[in-house]
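The structure appears below as structure tokens.
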Amino acid sequence: RSQEANRPASPNQEHGHYVIGVGDVLDIRVFGRPQLTREAVRVDTRGMIRMPLIEGEIQASCRTEASLAEYISTQYLKFVRRPQVDVFIREYNSQPVAVVGAVDKPGRFQLQRQVRLLELLTFSGGPTDKAGRTVQIAHAENSPRCHDSGANTVGDETGLNAYSLSDVLAGSPDANPFVRPGDVINVLEADQVFVVGNVVRPSTIPLREPVTVSRAIAMSGGVLPYTKM
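Position one of the sequence shown corresponds to residue 1 (our numbering), numbered consecutively onward.
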């Protein structure tokens, strides 16, 4: 199931602005020149697009809307006097993340601005009663990254990071990183113990924290009369 996280984001940002990526769909409008305007332009797998009259391809990936509009404007100077170009992102497709596990609304989200782990968890409805003590972030292999040079390359930062759920919910800086495109956030379910036998309410108790035997029995309503001690 796919959701938009109210303009969520990634380290592929330029001073906090969204950076265009592969698969994004753009509207590119040239004021007063409808013949040059293009709508629903998809950025190809190499990060490139084409525009009327401009020879060759244009690198759209790793640019913001403003920087791409400025570049296209300079290319049209030879054809149009003082061209006014606007670029708008119609569809955000290049920076997906997923939230799974013990959350209220697991799903897939498209990043549209910078978002930290805690904020993304709120978009998924927060942890459920089954949540344990750990949040894992699995970083995607071969996720596209933008370098300072503007080149679109493949990142090599892969692996698995784990954080304390209580620290994440408290907004601890060490447990609240920015999420990256391709990340899969997994709120692990708690281990469980089963209290059965001569108790008021035979129960399954999630171990979100250490629990003693006596407390587990109390959480199940206590023992019934005539229980063998």
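Every residue gets a Cβ at the ideal spot worked out from N, C-alpha and C, and that includes glycine.
Since we're looking at a predicted model, the values are computed, not measured.
In terms of Cβ geometry, Ala138 and Val184 form a close pair [threshold 8 Å]. Counting along the chain, Gln75 sits inside no beta strand (DSSP E); it lies in the alpha helix (DSSP H) bounded by residues Glu65 to Tyr76. Under the DSSP assignment, Leu165 falls in the alpha helix (DSSP H) whose first and last residues are Leu165 to Leu169. In this structure, Leu121 and Val179 do not form a Cβ contact; the two beta carbons are roughly 10 Å apart against a cut-off of 8 Å.
Of all alpha-carbon atoms in Glu209, Val196 and Thr134, the one lying nearest the alpha-carbon of Gly222 is that of Val196.
The continuous stretches of beta strand (DSSP E) do not include Leu36, and DSSP gives it neither H nor E. In this structure Gly132 is buried. Its beta-carbon is surrounded by 16 or more other beta-carbon atoms within 10 angstroms.
Taking each of Val193, Lys130, Glu189 and Met219 in turn and checking the Cα distance to Arg201, the smallest one comes out for Met219. A direct Cα-to-Cα measurement between Arg108 and Lys78 gives close to 44 Å. DSSP places Leu118 outside any beta strand (DSSP E); the residue lies instead in the alpha helix (DSSP H), whose first and last residues are Leu117 to Phe123. The beta carbon of Gly32 sits closer than 7 Å to none of the beta carbons in its chain outside the five residues before and after it. Under the three-state reduction of DSSP output, Asp86 falls in the strand class.
Note on Arg90: under 16 other CB atoms within 10 angstroms of its CB, so exposed under the neighbour-count rule. In this chain, the beta strand (DSSP E) harbouring Gln110 covers Gly107 to Gln110. According to the DSSP assignment, Glu189 belongs to the beta strand (DSSP E) that extends over Val184 to Glu189.
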